[in-house]
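Novice: Sharing a structure, written as structure tokens. Questions coming.
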Amino acid sequence: MWRDALLVCGKDLRIELRAKIGLNQVAPFAATVLLLFGLALGPNRQALQPAAAALFWIAVLLSVVLAVQRSFAVESADSARDGLRLSGLDPAGIFLGKGAAIVTQLLVLEALLTVGVALLFGAQLSDGLVLLAACVTASIGLGAVGVTYGVLSSGVRVKETLLPLLLLPVAAPVLLGATKAWDEALAGTPGQAGVWLSLLAVFAVLYVAVGTVAFGPLLEGA
Amino acid sequence: MSGYIEVGYVIVLGSLATYATSLVSRERAARRRLPPSQRAGAVPEASPGTGPAAGEQP
Amino acid sequence: MRADRALRVLGAFALVGMVATVWLGLFVTPNAVGYADGTVRLLYIHPPLAWVMFIAYGMATISSLLYLWPRTRHARFDRLAGASAEVGVVFTGLTLVSGSIWGRTTWGVYWAWDPLLTTTALLFVLYLGYLALRNVPGDPDTVARRSAIAGLVAFLDVPIVFFAVSWWRSLHQGPTIDLATRHSYVHGSMAWTLLLGFVSFTLTYVWLMVHRYRLAVLRERESDEGLENALADRWAEAVR
Numbered sequence: 001m002w003r004d005a006l007l008v009c010g011k012d013l014r015i016e017l018r019a020k021i022g023l024n025q026v027a028p029f030a031a032t033v034l035l036l037f038g039l040a041l042g043p044n045r046q047a048l049q050p051a052a053a054a055l056f057w058i059a060v061l062l063s064v065v066l067a068v069q070r071s072f073a074v075e076s077a078d079s080a081r082d083g084l085r086l087s088g089l090d091p092a093g094i095f096l097g098k099g100a101a102i103v104t105q106l107l108v109l110e111a112l113l114t115v116g117v118a119l120l121f122g123a124q125l126s127d128g129l130v131l132l133a134a135c136v137t138a139s140i141g142l143g144a145v146g147v148t149y150g151v152l153s154s155g156v157r158v159k160e161t162l163l164p165l166l167l168l169p170v171a172a173p174v175l176l177g178a179t180k181a182w183d184e185a186l187a188g189t190p191g192q193a194g195v196w197l198s199l200l201a202v203f204a205v206l207y208v209a210v211g212t213v214a215f216g217p218l219l220e221g222a
Numbered sequence: 223m224s225g226y227i228e229v230g231y232v233i234v235l236g237s238l239a240t241y242a243t244s245l246v247s248r249e250r251a252a253r254r255r256l257p258p259s260q261r262a263g264a265v266p267e268a269s270p271g272t273g274p275a276a277g278e279q280p
Numbered sequence: 281m282r283a284d285r286a287l288r289v290l291g292a293f294a295l296v297g298m299v300a301t302v303w304l305g306l307f308v309t310p311n312a313v314g315y316a317d318g319t320v321r322l323l324y325i326h327p328p329l330a331w332v333m334f335i336a337y338g339m340a341t342i343s344s345l346l347y348l349w350p351r352t353r354h355a356r357f358d359r360l361a362g363a364s365a366e367v368g369v370v371f372t373g374l375t376l377v378s379g380s381i382w383g384r385t386t387w388g389v390y391w392a393w394d395p396l397l398t399t400t401a402l403l404f405v406l407y408l409g410y411l412a413l414r415n416v417p418g419d420p421d422t423v424a425r426r427s428a429i430a431g432l433v434a435f436l437d438v439p440i441v442f443f444a445v446s447w448w449r450s451l452h453q454g455p456t457i458d459l460a461t462r463h464s465y466v467h468g469s470m471a472w473t474l475l476l477g478f479v480s481f482t483l484t485y486v487w488l489m490v491h492r493y494r495l496a497v498l499r500e501r502e503s504d505e506g507l508e509n510a511l512a513d514r515w516a517e518a519v520r
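Protein chains in written order, with this note's numbering: chain A, 1 to 222; chain B, 223 to 280; chain C, 281 to 520.
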């Protein structure tokens, strides 16, 4: 399973490196989201700075939808999905591999957005450890649910509208936990972030487990 | 203030009544569209012995 | 048919119960007891609505589990899940409406991010997504399995959402629909009306769900019919 996971993860990341969709499209999309929020709420820092964490994570959440759609779009070209099914790869491995690829892309995106948020909204970056811990656990959770719902909606024609509708409500706790953890870190009270980080961790563990089990049956039916 | 309560009751009961009516009428319409042999039955726990309900597929 | 008549009897009881609840709730029970004037009357419909929402989603989840479990796999569980979820969504919406009115009369605002109502709102969109997924066309087995898994994934999120939102709200202690401390006020005719409310709404839920289930069966038969007719037409063309 782990070998298959590494295989799939490597494949996805290599495709991404070559096509650079993440760099050319998802990152600019996220940056645009931040800018639009700035336009809508600004220019006064009073409104933007307290909201920095929230806007950051909303941008991330919206970007996850794109990243997941992209992740499965590469599979639908030339019946690649059938190829995936017949390849003999362990479905759990495929799940973990695809998930890991998305998590990696998310972390890169979050690094970029951190700079963006510090720049545009005047977020005072401190307690980087908490910020990082939140990013890692949140991204793992988002990757897990993303791949789960991604495969579920990959076989249907209305996937563009279905995926966000399915994914975003389930991801609401991640949004809540990550935003609150970041709020505490940015406000200089990292100690308060503990409960939120544990929420993120529980979510991540739960949905990685669920996804690993559910991916196989879902792939069959896609 | 209490006006809101009455409105609330009306909305809740009205919605339930509307939903119930629409369900029943959709059910009747679907039944009418089927040939007579397939019309009967259709309860969750239908046992094999209840005659025309044998249309249920396992 | 016995089943039809049982259903009609159930419907009659549900209807009588609902009418009685409304009559008692609006006209008979006392008015201002510990809440803003008249608000207590919502006690007879809001908690019952929320209660039904929970058992509806619980039923959908159990049915999804039963469908996925190989030994109990049967189309009826898939239909039950779908029927129960749809009725559940209706009751969720009504829970939100009644809760919103409660907020308006108690705190002056239609929405105050009360943890229970916020969780309910998230459940609402969660299960709207589930229903949208069920409506996506496809081979029945695929739809059933896909929906069952989606239903379970969604349901697993419910406790997480609830805890997350509760923590979120506990940081800024604000208004909450606090039923626990009001308990001492609920006595006499109020207690009976409340109980009647729970029972009537539950009966109504069962009645609605059975009808929704039947609708699903009839629709399946219709599409099977359609398929058979199409096949028969093809045969006739080929033989001619």
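Idealized CB from N, CA, C, for every residue including glycine.
1. Along chain A, in chain order, which residues have C-beta atoms closer than 9 Å to that of A518(C)?
2. Rounding to the nearest angstrom, what Cα-Cα distance links T240(B) and S247(B) in this structure?
3. Please state the DSSP three-state secondary structure of G373(C).
4. If you draw a straight line from the C-alpha of V490(C) to the C-alpha of K98(A), how long is it?
5. G418(C) lies in the alpha helix (DSSP H); which residues open and close that run?
6. Along the chain, where does the alpha helix (DSSP H) containing S153(A) start, and where does it finish?
7. Does the CB of S244(B) have a neighbour CB from chain C at under 7 Å?
8. Checking 7 Å against the spacing of the C-beta atoms, do F481(C) and V369(C) come in under that value?
9. For T161(A), which residues from the same chain have a beta carbon less than 8 Å from its beta carbon, with the 5 sequence-adjacent residues on both sides left out?
10. Any C-beta of chain B within less than 9 Å: which residues of the stretch 325-347 of chain C qualify?
11. Please report the distance separating the alpha-carbon of G211(A) from that of T148(A).
12. Assign A276(B) to buried or exposed, taking buried as 16 or more other Cβ atoms, counted over all protein chains shown, within 10 Å of its Cβ.
13. DSSP three-state call for Q124(A): helix, strand or coil?
14. In chain order, what residues of the same chain have a beta carbon less than 6 Å from the beta carbon of G177(A), not counting five sequence neighbours either side?
15. Suppose the cutoff is 7 Å on Cβ atoms and the five residues either side in sequence are ignored; what does the same chain contact list for V308(C) look like?
16. Quick one: residues in its chain with C-beta nearer than 6 Å to the C-beta of E500(C), no 5 flanking neighbours on either side, listed in chain order?
17. I want to know whether the stretch 133-150 of chain A touches the stretch 59-72 of chain A - three or more CB-CB distances under 8 Å.
18. So the alpha helix (DSSP H) T352(C) belongs to, where does it begin and stop?
19. Does P257(B) come out as helix, strand or coil in the three-state DSSP assignment?
20. Which of the three DSSP states is assigned to G362(C) in this structure?
21. What is the DSSP secondary structure of W393(C), counted as helix, strand or coil?
22. Against chain C, does G91(A) count as a neighbour if the rule is that its beta carbon must be under 7 Å from one of theirs?
23. Could you round the C-beta distance between F371(C) and A340(C) to whole angstroms and report it? I think they count as a contact, below 8 Å.
Specialist: Let me spell this out:
1. As a first step, residue 518(C) is located in the third sequence; it is residue number 238 there, counting from the start. In chain order: nothing, as chain A lies at least about 30 Å away.
2. Taking the second sequence and counting its residues from 1, the one referred to as residue 240(B) is at position 18. Taking the second sequence and counting its residues from 1, the one referred to as residue 247(B) is at position 25. For T240(B) and S247(B), the distance between alpha carbons rounds to 11 Å.
3. Position 93 of the third sequence holds residue 373(C). Residue state, collapsed to three classes: helix.
4. Position 210 of the third sequence, counted from the first residue, corresponds to residue 490(C). Position 98 of the first sequence, counted from the first residue, corresponds to residue 98(A). Going from the Cα of V490(C) to the Cα of K98(A) covers about 41 Å.
5. Position 138 of the third sequence holds residue 418(C). It is not in any alpha helix (DSSP H) - G418(C) carries neither H nor E in the DSSP assignment.
6. Residue mapping note: residue 153(A) aligns to position 153 of the first sequence, counting from 1. Counting along the chain, the alpha helix (DSSP H) containing S153(A) begins and ends at 128-154.
7. Here the question's residue 244(B) lines up with position 22 in the second sequence. No, because no Cβ of chain C sits closer than 7 Å to the Cβ of S244(B).
8. Looking up residue 481(C) in the third sequence gives position 201. Looking up residue 369(C) in the third sequence gives position 89. Going by C-beta atoms, F481(C) is not nearer than 7 Å to V369(C).
9. Taking the first sequence and counting its residues from 1, the one referred to as residue 161(A) is at position 161. Within the same chain, T161(A) has no close Cβ partners at all.
10. I325, H326, L329
11. As a working note, residue 211(A) is residue 211 in the first sequence. As a working note, residue 148(A) is residue 148 in the first sequence. The alpha-carbon atoms of G211(A) and T148(A) are separated by roughly 6 Å.
12. Position 54 of the second sequence, counted from the first residue, corresponds to residue 276(B). Here A276(B) scores only 40 on pLDDT, less than 50, and its place in the model is too uncertain to base an answer on.
13. Locating residue 124(A) in the first sequence gives position 124, where the first residue counts as 1. Three-state DSSP puts Q124(A) in coil, outside helix and strand.
14. By 1-based counting over the first sequence, the position of residue 177(A) is 177. Excluding residues within five positions, the ones whose Cβ falls inside 6 Å are W196, L199, L200.
15. Along the third sequence, one-based indexing puts residue 308(C) at 28. Within the same chain, V308(C) has close Cβ partners S469.
16. Start at 1 with the first residue of the third sequence, and residue 500(C) comes out as number 220. Within the same chain, E500(C) has no close Cβ partners at all.
17. yes
18. Within the third sequence, the letter at position 72 stands for residue 352(C). Per DSSP, T352(C) belongs to no alpha helix (DSSP H) and is neither H nor E.
19. Stepping through the second sequence from its first residue, residue 257(B) is reached at position 35. P257(B): coil per DSSP, three-state reduction.
20. As a working note, residue 362(C) is residue 82 in the third sequence. It is helical.
21. As a first step, residue 393(C) is located in the third sequence; it is residue number 113 there, counting from the start. In the structure shown, W393(C) sits in coil (DSSP, three-state: anything other than H, G, I, E or B).
22. Here the question's residue 91(A) lines up with position 91 in the first sequence. One detail in the question is off: residue 91(A) reads as Pro in this sequence, not Gly. Chain C contact via Cβ: absent.
23. Along the third sequence, read from residue 1 onward, the residue named residue 371(C) stands at position 91. Along the third sequence, read from residue 1 onward, the residue named residue 340(C) stands at position 60. Not a contact, Cβ separation roughly 12 Å.
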